[in-house]
Amino acid sequence: MEKVFTDGLSFAMPLLIMAVGAIYSEKSGVTNLAVEGFQGFGAFIGALIAVLIMPFFPKGSQTVIYIAMAAAAVGAGLYACLHALLCIRFQANQVISGVVINILAVALTTFFTSAANKAITGTSSNKLILDVSARFTVPGLQAIPWIGGFFRKMYPFEIIIMVLVLFFWYLMNKTRYGMMLRACGENPQAVDAAGGDVEKTRWIAVMISGALSGIGGICFAYSLLANFSPSIYLGYGYLAIAAMIFGNWKIGPTALVCLIFGLAKSGGYQLCIAMQLPSSYSDLFLMLPYILTLLLMVFFSAKNHPPKAAGEPWDKGRR
Amino acid sequence: MGEYVVEMRHITKRFPGIVANDDVSVSIRRGEVYALLGENGAGKSTLMSMLFGMYEPDGGEILIDGQKVVFHSSTDAAARRIGMVHQHFKLVGNYTVAENIVLGIEPMKKKFGFLPWVDMQEANQKIRELSAKYGLEVNPTDRIEDLPVSVCQRVEILKMLYRQAEIMIFDEPTAVLTPQEIDFLLQIIDGLRKDGKTIILITHKMEEIKRIADRCAILRRGRLIDVRNVADTSVQEMADMMVGRPVNLSQEKPEARFGETVLTVSGLTVSDEHHFDVVRNVSFSIRSGEIFAIAGVAGNGQTEIADAIAGMVKIASGSVKLLNTDITAASVRERALAGISYIPEDRQGTGVILDFSLRDNLALREYFREPFSKNGILNDEKFNSYAEDLIARYDIRSGQGAATQVRSMSGGNQQKAIIGREVEEHSKLIIFVQPTRGLDIGAIENIRREILAERERGAAILLISLELEEIMALADTVGVIYRGELLKTAPCTELTSQDVGLYMMGVKQA
Amino acid sequence: MARLLTGPRAAVWSSLTAIVMTLLTAGVLLLVMGRNPAVAFYSFLQGCGFAPKANYGGGSGMLSDLFDFLTYLAPMLLASLAFIVAFKAGLFNIGIAGQMLAAGFLATVLAGYNKTLPSPAAKLIVVVIGIAAGGLVGAFVGYLKYRFNIHEVVSTIMINYIISYLTGFFINNNYVDMMTRTSRVCSPAARLCLTNVQIGGVNCKIPFGMLIALAAAFAVHFLFSRTTVGFELKAVGRNAHCAQYFGVRVGRRLVLAMALSGMLAGLAGVNYYLGYTNTIIPKTLAAMGYDSISVALLGSASPIGAIFAAVIVSIFQQGANYMSSMVGVAKEIASLITGILLLYASCGTYMKIRAERVLQRAADRTRDAGQGGSGQREEA
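Protein chains in written order, with my numbering: chain Y, 1 to 319; chain U, 1001 to 1510; chain H, 2001 to 2380.
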């Protein structure tokens, strides 16, 4: 039972940071289906940097992980510029752009993973092998019945993500930039008339979106898989988008949805073990988050209020 | 400091395919109300958008207080104390009044002593004071999407005041207001002038200029025609200069010959997605040869009535009858075939498919039946000949004839295409929603003539317009809608504009 | 340049531009890696039977490579047609890989492992199952969109993974080949090609899929250019609100578009899994499902354009193995090239807009010079 909470949280938090990234992009008026691509590309850059610097650190050093996280954020943030370029500057169809970004990310990372492996290790593996993140338990809180499991065997990144989410909630709701950003997604003309720079605001939002997705990606790489390979593309980016939709583009409710996804996934897996089914049955339980998403969509999609201007390119010169 | 607070010299501005301003020069004195008069498309808004920094002129120069300025954005203009109320308000729907006003220049405080934090309390307080000072009657914590247009307009005025604008540009501020709201607005503008502000009023209505403006510049087709002292110029002179030829907007309306009842709407109620009744228990009927006009302030349920009759929205309760057939449950297609034509409000969003050719757009009411198609296979020749025929008879102008993509056509010609397509069905009932919005006088004359011709033919016509003048000019019967209810239905001859205006604001009870 | 990009053949020119740009980009990449781009590109062609290889293994030759290429091309073209049909109606079917897998899996299990069926009957059953399975998945997605307003991109991705895990579960439990860890190979009788045909001394397999795919391309072309249903689908895609206004039942048309798209994807699936691979790797979605998007966009969403675009993309994908062995670059570069192609193709609208602006400005200048610059405009 305890493992359900522990694993659930470690799945939910990377999902949440990606969803927060998606919220930033969409609230600024840029539809973001590219989360998956940002996630994968960020994880790739993070893993690549980690593999490169690992020899200079003692085995199992946790510093590598933090450097990798920073690299993932920067790498994905820069990759997100491509989405921004297509959507904001080129005024391409934003849904197409998102799909393009995702497909391109798979192609880029797959090719360069094997290329990097060949250059670094001389092998033609399609995986960048990473260390395992250390874990810790919060004394006191872990003793709480039931939900104590949340506080046992935590990954440090879970704390980092919580802090980041709080910060990005604050940035969106309590600062001038945040006011501008949300206005850009509702009525960019209003922002322009008030002296704001719609394009710049959106560029920043999309880059933030990329950086946060990259962090989510490297966290998945370090927790679930302990390596980077193209198998990191498991549709989690789209799960984050679904969480954002159910969360009605608000950070608080989205966090709750991510937690539900996380618990559903870990709960299903533990159920599989508890029922002593053969390991091949785990495939059936791995489907749970996707099925849950479809079901939630059926019940909640009608009540959504996406940002009004999301998906519409902003053309200052257009009258 | 010189005599003029704003000087625009030899301004030229091009957009792809057109010259919006051609060597225009205007000079505006401090503390006057200066009107820019011209038809839609004369270049008034473009000229003022350049003063407000939204576009940069291709030629000419702008001086503020005798100093040459170059504005790259509206921020630059705002820094020189220039503010503008646009025709389409630039407000964020899900923000409060105060959040809209302070956007970009929010008052800040330090939370926990260090964290920058937007201070909405202070903003609300300041705006409350400002609103009281100028008698604007605006509550800073209301949400924009819950407010009527007249209040939104006052929010825009507050926005300028909050940003300490001294030069205030109003773009067609009275277009969607009732006569009483216009009185209130002109009163506010007069108050601003007394406070020393310089007001620039963009309009195509001579009466307003007569009532409030000191001087008036007349623009036509991008060129400055003349600048006059309003006190020395008659309305007729202004009109002639604006159009460039004698105009007569009050069309000859033949005697009405009503026939049988064509449309009967009873107890119609329509709910929106939040289960809010946007149309409440509306009943009326239209006879053959009658123009029934629905007057009302925007957003009071009039478009929903039109959509409900055409079958595009679900009806919560009530019934719609065409002649003797109940069509409440019929599909859009069935209704069209039963004899309903519909010229929708949103020309480009509903009336045409911008990416289709003119040819295909003209066939939207016919493509599915012979001779336009047979067994599901389209007949290209028929499409072409039909399009050629309509293009000639309704004088639809386009670059490459029937093959032109509708996106590249002007708004007026798009509307001609829609009207041609719908009128050509010779329907028993024709619904016109905002048929002349945004068009120039020539096009307006044409469309009004077309509407009257259909009335002569014996069609029942439902006319929905926000322009009271249009309704009073065309209608046989007027129904006034307020918050989804028909407050008053009466023959047009029994009502004055003032009466209708009061009903539009829900003041009078039937 | 600007004139070409706005003229009547604009789509063709913008696709050619994308191809040239992609070759340049890939060429630079190869140069950076110290390889000769010309040799690499030539070896892609050699790998597909368009140019002779230096030597051939026993029983194979240029012709057998060419037929292998066609076996790959057929599902690629069908999959891109699937994308196009949905795209024209304004839908993004990015679940083609899942629909292919569902169709391929069912056909393999129901007909591919049936040893008793005579060959023609087996092939017919495979085609029917492919169309039915893909069509049902597609229609379901369309229904979700129309009834519950679920964005098809999200729902198709979710369904992709559900299908992937579900079929993976059954393959691992029931149909796995212990040696290869993939599903057992389907019987030759059920495959949509003739195997071991001797032509000119080389061993070839002749795909029926190519005929199906070409017929489908022309059928889709006919649908959208000559029929009322196609007219309505396009109207829904361009402006659903207007379509509703002139009497189209938008919801039904959405479901129909997705069903047709799914059927084509299903056909692609059976051609891919019973013809090209003849086995299914569990829990793996075919990259072709995504490559088909590149093909569709490169072909400007035109069914005829897709034929040419499919050839281009397939050359890279199918020729990658040989290229890899000749030049020593990982074969994954094929996907990278396809991705870059997709990127450039998606910039097509922007190039067109830019070109239009350039032409307009030039026209304005000449007109101003000619008559002192006067004009009129309608209010925006």
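Ideal Cβ placement from N, Cα and C applies to all residues, glycine included. Quantities reported herein were computed from a predicted structural model and do not represent experimental measurements.
Three or more Cβ pairs closer than 8 Å define a contact, and the stretch 1302-1315 of chain U meets that threshold against the stretch 1332-1348 of chain U. The Cβ neighbour count for H:Met2178, taken over all protein chains shown within 10 Å, is under 16; the residue is labelled exposed. The criterion of a C-beta distance shorter than 9 Å is not satisfied by U:Glu1450 and U:Ala1336. Interface with chain Y (9 Å Cβ-Cβ cutoff): H:Lys2283 is included.
In the displayed model, U:Met1409 falls within coil according to three-state DSSP, outside both helix and strand.
Restricting attention to U:Tyr1386, U:Ala1459, U:Ala1460, U:Gln1498, the CA atom closest to the CA of U:Glu1469 is found in U:Gln1498. Contact check for Y:Phe246 and Y:Phe300: beta-carbon distance about 5 Å, within the 8 Å limit, so the pair qualifies.
Closest by C-alpha distance to U:Glu1260, out of U:Gly1017, U:Leu1486, U:Arg1014, U:Ile1461, is U:Ile1461. Residue pairing by DSSP places U:Thr1325 opposite U:Leu1322 in a beta bridge. DSSP places H:Met2178 in the coil class of the three-state scheme, outside both helix and strand. DSSP, read as helix, strand or coil, puts Y:Tyr233 in coil. Counting C-beta pairs with one atom in each stretch, the stretch 2302-2312 of chain H and the stretch 2102-2122 of chain H have fewer than three that are closer than 8 Å, which means they do not touch. Checking the DSSP bridge columns, you'll see Y:Met54 has no partner listed. DSSP places U:Asn1446 within a helical segment (H, G or I) once states are collapsed to three. Straight-line measurement puts the Cα of Y:Gly237 at about 12 Å from the Cα of Y:Thr293. Within the same chain, and ignoring the five residues on either side of U:Lys1110 in sequence, the residues whose Cβ sits closer than 8 Å to its Cβ are Pro1116, Trp1117.
Under the Cβ criterion (8 Å, minimum of three pairs), the stretch 2078-2092 of chain H counts as touching the stretch 2244-2258 of chain H. The count of Cβ pairs closer than 8 Å, one atom from the stretch 1224-1236 of chain U and one from the stretch 1056-1072 of chain U, stays below three, leaving the stretches out of contact. For the options U:Val1070, U:Ala1042, U:Met1238, U:Tyr1095, the alpha carbon positioned closest to that of U:Met1054 is the one of U:Val1070. From the listed residues U:Pro1246, U:Glu1345, U:Gly1191, the smallest Cα separation to U:Gly1031 is found for U:Gly1191. As the crow flies, the alpha-carbon of Y:Ser125 is around 30 Å from that of H:Tyr2344. Between Y:His83 and Y:Val206, the beta carbon gap of about 6 Å places them in contact (Cβ cut-off 8 Å). For U:Pro1116, the C-beta contacts it makes with chain Y under 9 Å involve Lys174, Thr175, Arg176, in order along the chain. Contact of Y:Arg89 with chain U is not assigned, every C-beta pair being separated by 9 Å or more. For H:Ala2038, no beta strand (DSSP E) segment is defined; the enclosing uninterrupted segment is the alpha helix (DSSP H) at 2037-2047. Not a single CB atom of chain Y sits nearer than 9 Å to the CB of U:Thr1096.
Counting along the chain, U:Lys1197 sits inside no alpha helix (DSSP H), nor does DSSP assign it H or E at all. For chain U, the residues of the stretch 2219-2236 of chain H that bring a beta carbon within less than 7 Å of one of its beta carbons are Arg2226, Thr2227, Thr2228, Val2229, Phe2231, Ala2235, in chain order.
Cβ contact annotation for Y:Ala243 (same chain, cutoff 7 Å, sequence separation greater than five): Leu15, Ala19, Thr254, Val257, Cys258, Phe261, in chain order. Y:Pro289 is classed as buried because its beta carbon has at least 16 other beta carbons within 10 Å across all chains shown. Looking at H:Cys2193, H:Ser2043, H:Gly2299, H:Pro2303, the one whose alpha-carbon comes closest to that of H:Ser2225 is H:Pro2303. Annotated three-state conformation of U:Asp1022 is strand, per DSSP. A straight line joining the alpha-carbon of Y:Ile65 with that of U:Ser1131 spans about 56 Å. Taking 9 Å as the cut-off, the beta carbon of H:Ala2082 is found closer than this to the beta carbon of H:Leu2264. Cβ proximity to chain H below 9 Å picks out Gly98, Val99, Val100, Ile101, Asn102, Ile103, Leu104, Ala105, Val106, Ala107, Leu108, Thr110, Phe111, Phe112, Thr113, Ser114, Ala115 from the stretch 98-115 of chain Y.
Beta-carbon to beta-carbon, U:Ser1427 and U:Gly1339 are separated by about 5 Å, close enough to satisfy the 8 Å threshold.
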